[in-house]
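S.K.: Numbering (this note's numbering), first residue to last: 121 to 272.
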């Protein structure tokens, strides 16, 4: 639609420019509404609405809407929960994981071309865990098998 309107502007005078701007704005808002409706419908069916699976999971190759366990990362998540149940604080768990040179989640995902940090593959500190990272993992309901959608 935009290409057609730009051609019209070039052929005709710019008298129609305000009208065409309104139409373009309407088109963008209409598209946004449609995307929101589709995402809401997917979420109401219990499907994940995120583009990326969280650390410890990966998207299924058969069904991109389904997460399956990534055994390598899931073992780290299980260890974090075990250490937490033993009474260790998040900063202690982070120190242990760093000392054992376990790849931090953002590095692990970036190395595989996954997650939100694909371009931020900081190779200088691949094993430096933070207490906040451990706390985030411990607080996510997804690790208990729940699908969480529409959280802000």
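Ideal Cβ placement from N, Cα and C applies to all residues, glycine included.
Fair warning: this is a prediction, and the values are worked out from it, not measured in the lab.
Please work out which residues of its chain come closer than 8 Å, Cβ to Cβ, to residue 214, disregarding the five sequence neighbours upstream and downstream, and give them in chain order.
M.R.: Counting only Cβ-Cβ distances below 8 Å, and skipping sequence neighbours, we find 249, 250, 251, 253, 254.
S.K.: Please specify which runs of the alpha helix (DSSP H), each continuous and at least 4 residues long, are wholly inside the region 202-229, giving them in chain order.
M.R.: Correct list: 210-219.
S.K.: Quick one: is residue 196 buried, meaning 16 or more other Cβ sit within 10 Å of its Cβ, or exposed?
M.R.: Residue 196 comes out buried.
S.K.: Helix, strand or coil: how does DSSP classify residue 154 here?
M.R.: Helix.
S.K.: Please report the distance separating the alpha-carbon of residue 176 from that of residue 153.
M.R.: Computed Cα separation, rounded: 32 Å.
S.K.: If you follow the alpha helix (DSSP H) that residue 254 is part of, which residue opens it and which one closes it?
M.R.: Note, residue 254: alpha helix (DSSP H), 251-259.
S.K.: Does DSSP put residue 175 in a helix, a strand or coil?
M.R.: In the structure shown, residue 175 sits in coil (DSSP, three-state: anything other than H, G, I, E or B).
S.K.: When DSSP labels each residue in this structure, what does residue 188 get in the three-state scheme?
M.R.: Three-state result, residue 188: strand.
S.K.: So residue 247 packs on residue 223, CB below 8 Å; how close in whole Å?
M.R.: So it is a contact: roughly 6 Å between Cβ atoms.
S.K.: In this structure, does DSSP put residue 165 in helix, strand or coil?
M.R.: Residue 165: coil per DSSP, three-state reduction.
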